[in-house]
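Numbering (my numbering), first residue to last: -12 to 170.
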């Protein structure tokens, strides 16, 4: 019962987020945050809730970003949950932290079913779901990655996917560093 209630609560919350995004009322509480700490905490919390996958955290960015920790957390949780959901036969998901002179990057790599090239540019569209009659269908409405993209773009960042059918997917989330931290 709690699981169904949690799913319903998340659905209503996601639909409210979409409405706020469309009307320009998605407020962001931006503050300087260490990205490594935020991602590490999320990986730890999600590891505690999954028994099927090891969540491996690799690298360090030591990056500070100006962002809404709750909204960025929402993005990382969604991408990690998708990595677990779409890689049922795999036993791990790798989360990599990196940075360059101007940007911090979080990459989430799974070893699952992958996404066919024809779908890759569409998966960030609202209500888009990959359908393949020869593949297992997965529950969802096709709004999670749309919300992720909207949140990341409102942080002046970008989210991209690189994937091969049958080999897994890597989602890269790139965010600008705090101005005073740019080399």
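Cβ atoms here follow ideal geometry from the backbone N, Cα and C, with glycine treated the same way.
Since we're looking at a predicted model, the values are computed, not measured.
Taking one beta carbon from each stretch, the segment 62 to 75 and the segment 129 to 144 have 3 or more pairs nearer than 8 Å; the two touch.
Going by beta carbons, residue 146 and residue 61 fall outside the 8 Å limit. Judged by beta-carbon spacing, residue 17 lies within the 8 Å limit of residue 55, meaning their Cβ atoms are closer than that value. The distance from the Cβ of residue 102 to that of residue 148 is about 6 Å, consistent with a contact at the 8 Å cut-off. Non-local C-beta neighbours of residue 23 in its own chain, meaning closer than 8 Å and more than five positions away in sequence, comprise 47, 48, 49, 50, 84, ordered along the chain.
Judged by their CB atoms, residue 74 and residue 80 are nearer to each other than the 8 Å cut-off. Nearest neighbour of residue 164 by Cα position, chosen from 116, 100, 87, turns out to be 87. In its chain, beyond the 5 residues on either side, 56, 59, 60 have a beta carbon closer than 7 Å to the beta carbon of residue 25. Per DSSP, reduced to three states, the secondary structure at residue 50 is coil, with no helix or strand assignment.
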